[in-house]
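Student: Sending over a structure as structure tokens; questions will come in a sec.
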Amino acid sequence: MRHKITREVERVDARIKSRGELPYLADYEFEDRLYARVVRSRVARGTITARNTPALPEHYHYITADDIPPEGKNCVRMIQDDWPAFAEHEVRYYGEPLGLLVGPDRDTLAQLVEQFESAVEYREHEAAVTIDEGLALKGGPVHGSDNLFADLHTRKGDPEGALKRSARVIEREFRTAYQEHVYIEPQALVGTRENGMVTIYISTQCPFYVRKAVSTALGLPPDDVAVVQTATGGGFGGKENYPDVVAVPVAIAVAKIDRPIELILDRMEDLKYTSKRHPSRVRYRVGLDETERIIAVDVDMVLEAGAYESSSRVVLQRGMFSSNSVYEFPNVHVRGRAVATNNVPSDAFRGFGAPQGLFAAEMLMTQIARVIGLDELTLKQQHLLKQGSPTLTNGRIYEEVKLPEMLEHVRRVSGYDHKRAAYGLGLGRGIGISLFKHGSAFTGNGEQEIIKARVRIRKRADGRPELLVANVEIGQGVLTTFRKIVAEVLDIPYSEVVYDNHNTSQIPDSGPTCASRSVAIVGYLLQEAAKKLKGRLHEPGEFEVEQVYEHPAHLHWDAESLNGDAYPSYAWGVNCVEVEVDRVTYEVNVVGVWTAYDVGRAIDEGVIRGQIIGGAIQGLGYAGLEKLENARGRFLQHTMADYCIPTSLDYPNVDYALFDNPYPYGPFGAKGAGEVVFDGIAPAFGSAVQQAIGCEIAQLPLTPEYISERVHGTDRTVHTQRKTHTAEPQPVASSP
Amino acid sequence: MRRLLDVLREDCGLTAIKEGCGEGECGACAILIDGRVVDSCILPVGAAQGREIETLESIRETARGRLIVDGLSRGGGVQCGFCTPGIAVTIEALLRENPNPSEYEIRDGISGNLCRCTGYQQIVEGVLYTAAETRERSR
Amino acid sequence: MSAEWIRPRTLQEALAIRSARHVRPLAGATDLYVRYRGIAGTLPALSEAVMYIGHLNELTAISVHEHQLRIGAAAVYTDVAAHPATPGILKNAIAELGAPALRNVGTLGGNIGNASPAADAVCTLYALDAQVELASLGGARRVPIDAVITGPGQTAIAEDELITAILVPLGYDSFSFYRKVGTRRANALSKLAFAACGEVEDYTLGHLGVAIAAVGPTVIRSRELEERMRGADGRKIANLRNELIAGYLALVAPISDQRSTAQYRRWVTENLLIEFLDRCLPSNLNGPQ
């Protein structure tokens with residue numbers, strides 16, 4: 065029996081959006097608006113030797129670091145202050161902002177950008193643009209002395225000793241590439257001054273991040289800056305930190321020019337210069353005992369962070385903590401490094417490090433199974449986490465783990481067992497299953513130490529409750545789910561709940577819209593706040609109730625040693641993908657996608673279905689389609705024609721099932737759902753492709769080009785070193 | 026020569042038309058010219074001279090336009106919404122040509138409209154609903 | 028700066044303008060308005076005067092004359108595909124080209140004028156032995172498609188000429204084989220495309236055209252290799268197979284670019300040749316086995 069809250073309702077914003085009546089940033093009118101364009105570096109790494117700033121026509125402005133108020137700071141504050149708003153002497157990546165041109169006419173601005181950019185002279189330095197080049201300090205360190213923004217370790221048991229006494233050691237390396245968000249609305253904002261305050265209207269996931277970055281750069285108290293989130297046409301992590309990078313230069317310009325200034329990135333700029341998903345290189349050394357049980361796992365994960373730190377340290381942690389997937393190994397060491405390069409900083413993207421770690425871990429398991437001649441799923445089931453299991457950070461799995469029944473379900477509906485056996489090996493057809501989890505909310509002590517979320521509900525004079533929170537709609541349905549949570553507590557129709565204020569001056573900071581935390585963390589706070597309001601809606605006048613985040617008492621975290629409960633709860637998933645690989649063109653045709661999830665309790669099945677299907681298709685794009693290559697610091701695929709995201713014809717319908725598993729600290733039992741739906745697709749796809757082509761794969765994306773190399777045996781990235789005896793090649797599958 | 030998109034959005038105030046890519050790839054700027062769907066971001070305004078232009082602003086007020094909105098809204102075909110107006114216009118063109126499209130024909134018909142949120146499935150279901158309702162009501 | 032926009036009322040006027048001055052002909056704009064596009068909200072960086080010809084009835088008509096399909100250079104793809112006389116292979120190519128919004132404005136004339144080596148619909152025109160009608164005030168000439176496109180972005184079209192029509196001989200496609208390898212399944216640019224069509228009579232191969240796009244500076248077609256296949260029966264094709272594959276592979280010179288790699292293009296070309304020679308031709312020459 066489904067809980068009432070799970071029953072699908074029509075999203076509150078569906079009609080206004082499908083009628084084209086909801087304004088996005090570009091649809092607003094501002095009186096006396098000026099346009100802005102970013103002047104960018106044309107080298108990936110160099111020292112500016114002469115700016116040769118051309119003369120400006122009347123009514124045009126050129127804003128640079130010199131225009132930052134003395135009390136301000138030339139930085140885009142994220143976790144660190146290392147990313148400058150405008151490069152002054154050194155440039156670290158191609159396209160790095162040098163200045164901002166502001167004026168009334170866009171065509172004139174386009175010509176000025178060309179003049180200004182080509183006038184700058186550089187002493188160019190050798191750029192490091194790949195993980196390997198970054199680690200090798202090519203051209204000298206970009207950052208510090210070792211090019212590492214973070215070099216972290218987490219350890220459980222005695223991995224070194226266990227590796228030594230292993231009967232067999234298997235080594236593998238996996239690499240994943242960039243992914244671009246391609247939110248359909250590009251980065252967009254208007255900065256202006258309202259009521260004396262610098263006010264930023266912006267398409268963003270995190271209005272308080274923008275406020276922090278802008279107030280730091282201008283040297284203002286945060287309360288003296290207002291940020292208003294406008295309807296946001298997709299984010300996926302791409303509007304988590306990057307809006308700060310465009311907002312700070314505009315805010316500096318507004319402080320000086322005092323006119324509304326609009327900056328909307330053209331799609332080509334957006335593709336070339338905004339942050340992408342971190343490329344990764346993950347190496348494993350896995351020790352097995354005489355019974356072929358895995359007793360030791362040593363992981364070396366490197367993420368390519370780009371030129372500045374942004375959120376790489378935290379992405380790295382989630383990647384590290386995902387590198388054992390859903391398995392319990394007794395002895396584990398994970399080293400994680402975020403390496404600096406001369407590329408645009410990598411940053412948040414749905415999954416936030418987990419897709420890289422999970423892809424590597426899940427592919428690793430399929431390849432170990434092959435080496436020891438065991439069925440993939442049998443090996444996985446032998447090591448599955450369960451309730452009470454220790455995690456690799458020495459925390460606990462507190463919740464019931466429903467993976468066995470989810471796996472059973474997916475095997476049944478997909479016909480996995482029969483197909484796996486029938487398709488043979490290397491005969492063009494394959495089917496693969498991945499198991500995975502995604503921790504809801506910020507990693508480690510993020511929620512209790514850094515975010516400290518706060519929500520309020522105002523009882524308005526008209527008797528309606530109004531939600532005052534910082535979380536925003538980016539397509540994931542939060543306008544609907546938050547209303548439903550509060551309405552359910554108050555026993556009123558969800559349409560009665562008001563939730564339309566997205567101005568940082570008028571709402572408390574309930575944290576960013578990311579990390580699968582909105583419903584799980586903030587939704588819970590809203591539920592608790594609503595309980596305080598229960599029975600009081602008829603009271604006269606206006607008043608507010610408040611709820612502040614409290615970390616559940618049973619959770620512990622040591623940020624120094626990365627030990628303890630990395631996440632308060634997990635969403636769990638099982639994905640199955642079936643493919644056919646064309647023997648002529650090596651193209652992969654996805655025949656079927658079956659999924660099962662435990663997201664606690666779904667707040668709205670329609671919203672969750674939207675996440676599941678959308679996440680799966682985006683995940684398939686990551687797995688096999690979306691190729692983004694970097695040559696000397698520049699992205700080769702910088703048009704929508706060349707950076708291909710899935711169309712309606714690329715992939716089939718997605719089957720799904722939800723497994724109810726209420727989480728006590730989630731609203732009505734809900735856990736996060738926005739990212740887990742992305743995480744597991746690539747390894748399921750990878751496993752299916754391995755069966756279809758009859759050889760191991762070791763990278764993403766699995767393009768037809770890469771598959772052709774694997775089939776012809778010319779790819780050299782796949783390592784097959786073994787400590788003891790070399791097993792004869794075994795079928796990827798061994799039939800049950 | 027200016028792009029038709031800029032003239033319609035900025036001079037005519039027809040802001041249901043969105044600019045997603047500026048290169049005719051994403052379909053957010055879709056409009057109808059002489060009843061056929063076209064990306065207005067890569068069309069010079071001069072190419073529309075003497076031809077009939079329809080945008081979502083008019084389509085949404087028609088009987089089928091309302092059913093297109095229904096179809097997209099009720100089944101989860103809308104998430105961030107930025108691609109949605111272009112998709113609604115494309116659905117109108119598709120259903121004019123083919124009032125009873127198969128799932129494949131729908132997927133083919135909207136293949137020039139990129140949506141990064143939904144994965145398309147719920148949009149396709151919405152079109153099937155709209156087509157069925159339209160046929161039902163015109164009986 | 029906004030380039031001048033010229034809108035002739037008739038083809039005759041268009042040809043007069045073309046002979047009098049340098050203008051860039053434009054119909055669907057799907058290529059030029061992408062290639063020269065500026066930043067959102069700005070004018071395309073087209074410095075030349077543009078002459079719009081997409082509205083000229085003389086250029087949009089599609090008609091059949093004596094076993095020949097005449098496709099106006101500015102007929103949009105949607106109309107070309109919908110015409111009952113259009114050969115199946117060209118319909119297939121159009122169905123896989125772009126998306127509806129693009130097919131509603133894009134034209135074969137534009138595709139030929141831009142001379143992209145990756146133009147997939149044009150590839151089928153090679154296989155179909157199509158001719159291009161080029162007109163100027165002085166009259167019209169008909170030139171085989173492979174003589175019109177001379178290199179990437181290069182054509183033999185004179186400064187005073189316009190592409191007025193594409194002439195496709197009918198009845199030469201009793202069998203056809205078309206495969207586009209795109210960057211994705213729809214709305215895709217091609218990594219390569221392979222088009223072949225011809226006639227079979229008495230279990231032997233008659234007229235034949237084989238064209239491969241995006242594996243060289245222009246679409247590749249070899250009359251010499253086709254000549255060796257002409258008159259062949261299934262057995263002879265089987266005997267010639269290795270020579271033919273080697274012959275074609277000697278002609279292709281693929282490059283690596285943002286869409287694919289040279290190696291992949293070479294391998295897939297080889298696979299497609301094998302597919303064509305070992306499966307497509309035998310099944311047409313020998314009948315169902």
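Residue numbers (this note's numbering), protein chains in the order written: chain Y, 65 to 800; chain F, 26 to 164; chain E, 28 to 316. Even for Gly, the Cβ is constructed at its ideal location relative to N, Cα and C.
Confirm, please, whether the CB-CB distance from Y/G678 to Y/A734 is below 7 Å.
Tutor: no
Student: When you compare the CB of F/L68 with every CB in chain E, is at least one pair closer than 7 Å?
Tutor: So, interface residue.
Student: State the DSSP-derived secondary structure class of Y/E389, mapped to helix, strand or coil.
Tutor: Here residue 389 of chain Y is Ser; the residue named in the question, Glu, does not match the sequence. Look at Y/S389 here: in three-state DSSP terms it is coil, with no helix or strand label.
Student: Taking F/S136 as the query, report the chain E residues whose CB atoms sit under 7 Å from its CB, ordered along the chain.
Tutor: Against F/S136, the close residues of chain E are A126, A213 and N214, in the order they occur along the chain (beta-carbon pairs closer than 7 Å).
Student: Helix, strand or coil for Y/L692? Go by DSSP, reduced to three states.
Tutor: coil
Student: Note down the Cα distance separating Y/Y348 from Y/H482, rounded to an integer number of angstroms.
Tutor: 31 Å
Student: Compute every distance between the C-beta of E/T296 and the non-hydrogen atoms of the ligand MN, then say whether any falls below 6 Å.
Tutor: No copy of the ligand MN appears in this structure; indeed no ligand is present at all.
Student: Report the three-state DSSP secondary structure of E/N141 (helix, strand or coil).
Tutor: helix
Student: Are any of the Cβ atoms in chain E nearer than 7 Å to that of Y/S799?
Tutor: Bear in mind that the predicted position of Y/S799 carries a pLDDT of just 33, short of 50, making it too unreliable to give a figure here.
Student: Using beta carbons (cut-off 7 Å, strictly below), is E/L304 in contact with chain Y?
Tutor: no
Student: Helix, strand or coil for Y/G494? Go by DSSP, reduced to three states.
Tutor: strand
Student: Along the chain, where does the alpha helix (DSSP H) that runs through Y/V310 open and close?
Tutor: Y306 to I321
Student: State buried or exposed for Y/P557, treating a residue as buried only when at least 16 other CB atoms are found within 10 Å of its CB.
Tutor: exposed
Student: Which partner residues of Y/S344 appear in the DSSP bridge assignment?
Tutor: Secondary-structure assignment with DSSP links Y/S344 through a beta bridge to Y/T240 and Y/L367.
Student: Just the Cα atoms here: how many angstroms apart are Y/G697 and E/Q290?
Tutor: 24 Å
Student: Exposed or buried, what is E/L164 when buried is set at 16 or more other beta-carbons lying within 10 Å of its beta-carbon?
Tutor: exposed
Student: When you compare each of Y/A226, Y/A412, Y/H620 and Y/Y770 to Y/L367 by their alpha carbons, which one comes out closest?
Tutor: Y/A412
Student: Taking Cβ to Cβ, would you say Y/R547 is nearer than 7 Å to Y/V561?
Tutor: yes
Student: Buried or exposed, going by whether 16 or more other CB atoms sit within 10 Å of the CB of Y/Y707?
Tutor: Residue environment: Y/Y707 is assigned as buried (16 or more neighbouring CB atoms within 10 Å of its CB, all protein chains considered).
Student: With 7 Å set as the bound, which would you pick, yes or no: does the beta-carbon of Y/V583 sit closer than that to a beta-carbon of chain F?
Tutor: no
Student: How big is the Cα-Cα spacing for Y/E354 and Y/V753?
Tutor: 30 Å
Student: 7 Å is my cut-off, CB to CB: does F/R141 come that close to chain Y?
Tutor: yes
Student: Quick check on E/V208 - is its C-beta less than 7 Å from some C-beta in chain F?
Tutor: In terms of beta-carbon proximity, E/V208 stays away from the interface with chain F, with every pair separated by 7 Å or more.
Student: Taking the CB atoms as reference points, tell me whether Y/A400 and Y/L626 lie closer together than 7 Å.
Tutor: In the sequence as presented, Ala is not what sits at residue 400 of chain Y; that position holds Gly. Taking 7 Å as the Cβ cut-off, Y/G400 and Y/L626 do not qualify as a contacting pair.
Student: What alpha helix (DSSP H) runs, 4 residues minimum, are completely inside the region 108–137 of chain F?
Tutor: Within the region 108–137 of chain F, the runs of alpha helix (DSSP H) that reach at least 4 residues and sit entirely inside it are, in chain order, 109–122 and 128–134.
Student: Below 7 Å on C-beta distance, what does F/V94 contact in chain Y?
Tutor: Scanning chain Y for C-beta atoms nearer than 7 Å to the C-beta of F/V94 yields R79, S82 and R83, reported in chain order.
Student: For Y/I328 and E/A67, which I take to be in contact (beta-carbon distance under 8 Å), what is that distance rounded to the nearest angstrom?
Tutor: Contact flag correct, Cβ pair sits at about 6 Å.
Student: Compare the C-beta of E/T296 against all C-beta atoms of chain Y and say whether one is closer than 7 Å.
Tutor: no
Student: List, from N- to C-terminal side, the alpha helix (DSSP H) runs of 4 residues or more that fit wholly inside the region 422–502 of chain Y.
Tutor: You should have 440–446, 467–478 and 480–486.
Student: Across which residues does DSSP place Y/I325 in a beta bridge pair?
Tutor: Y/L98 and Y/G255
Student: How many Å lie between Y/G297 and Y/I248 at the Cα?
Tutor: 6 Å
Student: Going by other Cβ atoms of all chains shown within 10 Å of its Cβ, with 16 needed for buried, is E/T37 buried or exposed?
Tutor: exposed
Student: Specify the secondary structure class of E/R306 as computed by DSSP and reduced to three states.
Tutor: helix
Student: Any chance you could list the beta strand (DSSP E) runs of at least 3 consecutive residues sitting entirely within the region 577–646 of chain Y, in chain order?
Tutor: Under the rule that a run must span 3 or more residues, the beta strand (DSSP E) segments found entirely inside the region 577–646 of chain Y read 607–612 and 634–645.
Student: Is the Cβ of E/S287 closer than 7 Å to any Cβ of chain Y?
Tutor: It does: the Cβ of E/S287 has a partner Cβ on chain Y nearer than 7 Å.
Student: What are the boundary residues of the alpha helix (DSSP H) that E/C150 is part of?
Tutor: D147 to A154
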